[in-house]
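The structure appears right after this line, and notes come after that.
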Amino acid sequence: PPWYKFSGPVLVFSSFELHRCYIFILKQISCILRYKIKMPNWNQIQAQLRHPANPVVFFDVSVGTTEIGRMIFELFADVVPKSSENFRQFCTGEFRKDGVPLGYKGASFHRVIKDFMIQGGDFVNGDGTGVMSIYGGGTFADENFTLKHDSPGLLSMANSGKDTNGCQFFITCSKCNFLDGKHVIFGRVIDGLLVMRKIENVPTGPNNKPKIPVTIIQCGQM
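When you line the sequence shown up against UniProt numbering, it's residues 1 to 222, in that order.
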C-alpha cells in the first residue's frame with residue numbers, strides 16, 4: 001500500500017472478526033482520509049503450511065463491483081517447485097515481457113462449474129484460450145503427479161493435454177480423482193474457502209462463463 005506523511009491526529013482501529021485494520025487521518029475538521037489494510041493472521045497461516053519454506057500468495061476477488069474477499073494459497077514448492085514459481089511470479093507481477101509486468105491482477109475466472117471447479121488465470125485473452133508461462137513465454141512440461149485431487153480447495157494446472165501448462169489454473173470444489181495423472185497440483189487454499197464457494201455459486205451461461213464478471217482485483221505474495 002502507499003505510504004502517507006501523517007500530519008495531525010491519526011486513529012487506528014482493528015476490525016471485529018475480520019483480518020483488517022482501518023487508519024483514519026484527520027487532515028481538516030471536515031475531511032477524513034480512510035485507508036483500509038487487510039491483516040491476515042500470519043501465525044495461523046504458518047501453522048497450516050505443509051512445509052515452512054513454501055510460498056504463500058493471495059487473491060482479492062470481486063464479483064461485479066462487489067469485493068467478496070481474499071483467498072490465500074500455499075504453493076507446494078517442496079513438491080513442484082517449477083509450477084509453484086510460475087504461479088508465484090504471476091501473482092507478484094515479477095514476470096515481465098518487453099519490460100511490462102504480466103500476471104493475474106485484473107484477470108478473471110472465466111469458467112465456473114458448481115461441485116467441480118473454478119478456472120481462471122488467462123490474462124492473455126481472458127477466455128481460456130491464452131497461453132503464457134515464465135519459462136520462455138510458452139508452455140512447460142508436467143512436473144509430476146505426486147499429489148492427488150482428493151479434496152476441495154486444491155490449486156491445479158489447467159491444460160489442453162500433456163505438457164501444455166501455462167498461466168491458467170483451476171481450484172477444485174470437490175474431490176476429483178479422475179483428474180489424477182492429467183493435471184499437476186501445485187497448491188491449496190489455506191484461507192478463504194468461503195470466497196471459493198461464492199465464486200462457485202455465481203450464475204453461469206454458455207461455456208460455463210459467469211454471467212457476472214469474477215475478477216482478481218489484487219494479488220501478491222505474503
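Glycine is no exception: its CB is placed at the ideal position from the N, C-alpha and C atoms.
Between residue i and the rest of its own chain, which residues show a CB-CB distance below 7 Å, the 5 nearest in sequence each way excluded?
i       : result
Lys-209 : His-110, Arg-111
Lys-105 : Gly-93, Ile-216, Gln-218, Cys-219
Pro-213 : Gly-64, Ser-108
Lys-162 : Asp-142
Please work out which residues of its chain come closer than 6 Å, Cβ to Cβ, to residue i, disregarding the five sequence neighbours upstream and downstream, and give them in chain order.
i           : result
Leu-179     : His-149
Ile-217     : Asp-60, Ser-62
Ser-156     : Phe-170, His-183, Ile-185
Pro-101     : Gly-93
Gly-205     : Lys-211
residue 226 : For the chain, the structure presents residues 1 to 222; residue 226 sits outside this window and is missing.
Lys-114     : Glu-200
Lys-198     : Ile-68
Using only CA atoms, which one of the options lies nearest to residue i?
i           : options                            : result
Glu-200     : Tyr-135, Asn-144, Cys-173, Phe-186 : Cys-173
Gly-137     : Asn-144, Leu-147, Phe-145, Phe-123 : Phe-123
Gln-221     : Ile-68, Phe-73, Lys-162, Glu-67    : Phe-73
Thr-146     : Leu-154, Gly-181, Val-214          : Gly-181
residue 223 : Val-202, Lys-175, Ala-47, Arg-70   : Any property of residue 223 remains undetermined from this structure, which presents the chain solely from 1 to 222.
Ser-83      : Ile-45, Tyr-135, Ile-212, Thr-129  : Tyr-135
Gly-121     : Gly-99, Lys-97, Gly-130            : Gly-130
Met-196     : Asn-159, Gln-119, Asn-144, Cys-176 : Gln-119
Leu-154     : Pro-203, Asn-144, Gly-128, Phe-116 : Phe-116
residue 223 : Gln-46, Gly-126, Ile-68            : Since the first residue shown for the chain is 1 and the last is 222, residue 223 is missing from the structure and cannot be characterised.
Asn-207     : Ser-151, Gly-128, Pro-152          : Gly-128
Mind checking residue i: buried by the 16 CB within 10 Å criterion, or exposed?
i       : result
His-183 : buried
Arg-88  : buried
Asp-142 : buried
Asn-43  : exposed
Ser-108 : buried
Gly-159 : Here residue 159 turns out to be Asn, not Gly, going by the sequence shown. Looking at its Cβ environment, which holds 16 or more other Cβ atoms inside 10 Å, Asn-159 is buried.
Gly-99  : exposed
With residue i as the anchor, note down where its alpha helix (DSSP H) starts and where it stops.
i       : result
Thr-215 : Element bounds for Thr-215: not the alpha helix (DSSP H) but the beta strand (DSSP E), 214 to 221.
Ser-83  : 81 to 92
Ile-45  : 42 to 48
Can you give me the start and stop residues for the beta strand (DSSP E) that residue i sits inside?
i       : result
Phe-170 : 169 to 172
Arg-197 : It is not in any beta strand (DSSP E) - Arg-197 instead sits in the alpha helix (DSSP H) that spans 193 to 200.
Phe-73  : 66 to 75
Asp-142 : Element bounds for Asp-142: n/a, residue is neither H nor E.
Asp-60  : 56 to 63
Leu-154 : 154 to 157
Ile-113 : 109 to 113
Return the chain-ordered list of same chain residues with a C-beta closer than 8 Å to the C-beta of residue i, the five sequence neighbours on each side being excluded.
i       : result
Ser-133 : Asn-86, Thr-139, Phe-140, Asn-165, Gly-166, Cys-167
Asn-144 : Val-79, Val-80, Val-184
Gly-126 : Ala-107, Ser-108, His-110
Leu-194 : Gly-69
Ala-47  : none
Q) Is it a yes or a no for the region 73 to 92 touching the region 41 to 56, going by three-plus beta-carbon pairs under 8 Å? A) Between the region 73 to 92 and the region 41 to 56 there are three or more C-beta pairs closer than 8 Å, enough to call the two in contact.
Q. Within the chosen definition, does the region 184 to 193 reach the region 90 to 97 through at least 3 CB pairs nearer than 8 Å?
A. Put simply, the region 184 to 193 does not touch the region 90 to 97. Fewer than three CB pairs are less than 8 Å apart.
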